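**Q**
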Amino acid sequence: MDEIKNKTNPVKYISLKEASELCSYSQDYLSLRARQGKLKAAKMGRNWVTRKEWVKEYVAKAS
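If you read the sequence shown in my numbering, its first letter stands for residue 128, the second for the next number, and so on.
1) Which runs of the alpha helix (DSSP H) at least 4 residues long sit entirely within the region 128-175? Give them in chain order.
2) Let me know if R160 comes out buried or exposed under the rule of 16 or more other beta-carbons within 10 Å of its beta-carbon.
3) So, L143 versus K179, is the Cβ gap smaller than 8 angstroms?
4) V182: buried (16+ other C-beta within 10 angstroms of its C-beta) or exposed?
Here's what the structure looks like:
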């Protein structure tokens with residue numbers, strides 16, 4: 128989705144829709160968990176974004 132420009136380490140964010148395709152959770156559920164602070168995510172405009180690593184961490188903790 129978006130890459131935050133950082134000279135040493137660019138950060139790749141994915142939408143919650145893309146994140147929902149990586150796991151068994153729906154986009155709506157991931158959005159809820161992001162708002163609750165349970166899933167690491169950031170707000171870009173009116174959309175929530177996360178990272179693949181953060182989704183994997185969340186799934187591992189939830190299991």
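Even for Gly, the Cβ is constructed at its ideal location relative to N, Cα and C. Just so you know, these numbers come straight off a predicted model, no measurement behind them.
**A** In short, the structure shows the following:
1) 143-149, 154-163
2) Within the sequence shown, the letter at position 33 stands for residue 160. When all chains shown are included, R160 counts as buried.
3) To locate residue 143, count along the sequence shown from 1; it is residue 16. To locate residue 179, count along the sequence shown from 1; it is residue 52. No, the pair does not count as a contact, with Cβ atoms beyond the cut-off.
4) Against the sequence shown, residue 182 aligns to sequence position 55. V182 comes out buried.
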